[in-house]
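For what it's worth, the numbering used here labels the leading residue of the sequence shown as 4, then goes sequentially.
Glycine included, every Cβ here is placed at the ideal spot set by N, Cα and C.
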Amino acid sequence: MSDKINEFILSLENDKSILVSKLKKLASGLSNASREDIKWNALCLFKGERAFVGIMPYKKYVSVIFDQGSQLSDPNKILEGKGKQMRHIKIYQEQDIKDKKVADFIKESYLLN
């Protein structure tokens with residue numbers, strides 16, 4: 004983990020730090036070819052030049068942001084947002100990661116071109 008990313012995670016409140024770390028692990032485990040950086044106050048994972056997922060801490064939750072979220076399968080209407088492309092999922096506690104099937108959304112987002 005780069006110093007920049009480590010500092011970003013360590014600067015967060017403990018509950019947010021844990022959530023961001025768990026979400027980072029899910030996303031970074033998809034491919035050795037993805038790269039991580041801090042952009043727009045979020046931990047972003049890139050496939051080439053595309054940030055396929057952003058993990059952005061807020062005061063009460065952590066938002067998992069998908070750049071092409073409107074193209075993701077969402078039969079249970081978990082994704083939030085009305086924009087042309089972007090969608091997000093709010094994570095309030097660890098159990099939300101599993102309950103909201105975040106790993107599936109991250110994987111699908113990674114596989115988009």
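Spatial neighbours of residue i in its chain, beta-carbon cut-off 6 angstroms, leaving aside the 5 residues before and after
i   : result
E39 : I8, L48
Q88 : Q71, S73
Selected residue, minimal CA-CA separation from residue i, among the options
i    : options               : result
N79  : S31, L13, I92, E10    : I92
Y61  : I109, L115, S112, K19 : K19
K104 : L29, I12, L13, L15    : L29
G72  : I109, W43, L26        : I109
Y113 : Y95, V65, E16, K50    : K50
R90  : L33, D70, D102        : D70
D102 : L13, I81, K85         : I81
V67  : S5, S34, Q96          : Q96
Y64  : K85, L15, E52         : L15
Endpoints, the alpha helix (DSSP H) within which residue i is located
i    : result
E10  : 6–13
Y113 : 105–114
D102 : 97–102
D77  : D77 -> no alpha helix (DSSP H), and no H or E assigned at all.
Those residues which DSSP pairs with residue i across a bridge
i   : result
D40 : C47
E83 : H91
I21 : BP columns for I21 are empty, so no partner.
Where the beta strand (DSSP E) containing residue i begins and where it ends
i   : result
S66 : 65–69
G57 : 53–60
Neighbourhood of residue i by C-beta, 8 angstroms cutoff - its chain only, sequence neighbours within 5 removed
i    : result
K42  : A54, G57
I100 : L22, K25, L26, L29, I94, A106
S31  : S37, E39, L48
Spatial neighbours of residue i in its chain, beta-carbon cut-off 7 angstroms, leaving aside the 5 residues before and after
i   : result
Q74 : L115
S76 : E111
N44 : M59
Rounded Cβ spacing between residue i and residue j (contact assumed at less than 8 angstroms)
i   : j   : result
L33 : F11 : The pair is not a contact, with the Cβ atoms about 20 angstroms apart (cut-off 8 angstroms).
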